[in-house]
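Shown next, in structure tokens, is the structure this report addresses.
In the numbering used here, the protein residues as written are 56 to 247.
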């Protein structure tokens, strides 16, 4: 799994004359251990500032899961920041419990830019989305389903956004990976 993630990440990031930074190998190994079940954790929280490679890592994991699980297309789902504003509202609020259950039951769930829905401005809808995302994280943890989250927020801030129970789930059930490498200054293109 680590080799596939490394290859996928190398394909996703086209750096100027070099491959993915060496410090990313530990990150890739941690993600692979969780996804492969070699860890007691059920999730990975990628935390870092803008441009540290969180979305690139998420896209690499998606690429590997797509390659490995292609016959089982419903085995993983990914959500992006735009999805949080559009798809989560459509899926969870308009389509109801079936969509929520689908997100809970999928084998692997990847959510990029967790916490961004707190910036939507529509307070009642924002609270509803936050409650739904928090419940999703908690239910997936209870069912031992693998989840990869990416955020710019400190994990304690996620507790403020999603509630103390969700914060406890993330603290106890997720591997926290803090990213510091500045991908933006070296990145020339993204390929998926």
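C-beta atoms are modelled at their ideal positions from N, C-alpha and C, and glycine is treated no differently.
Exercise. By DSSP, does residue 108 sit in helix, in strand, or in coil?
Worked result: coil
Exercise. Can you round the beta-carbon distance between residue 164 and residue 113 to whole angstroms, since I take them to be within the 8 Å contact cut?
Worked result: Not confirmed; about 11 Å, so no contact.
Exercise. If you follow the alpha helix (DSSP H) that residue 224 is part of, which residue opens it and which one closes it?
Worked result: 219-228
Exercise. Hey, would you say residue 107 sits closer than 9 Å to residue 155, going by beta carbons?
Worked result: no
For this session: Quick one: grab the DSSP three-state call for residue 103.
Result: strand
Exercise. Is residue 96 near the ligand ZN, going by C-beta to nearest heavy atom under 8 Å?
Worked result: Ligands in the displayed structure: none, and consequently the ligand ZN is not present.
Exercise. Apart from the five residues on each side of it in sequence, which residues of its chain come closer than 7 Å, Cβ to Cβ, to residue 153?
Worked result: none
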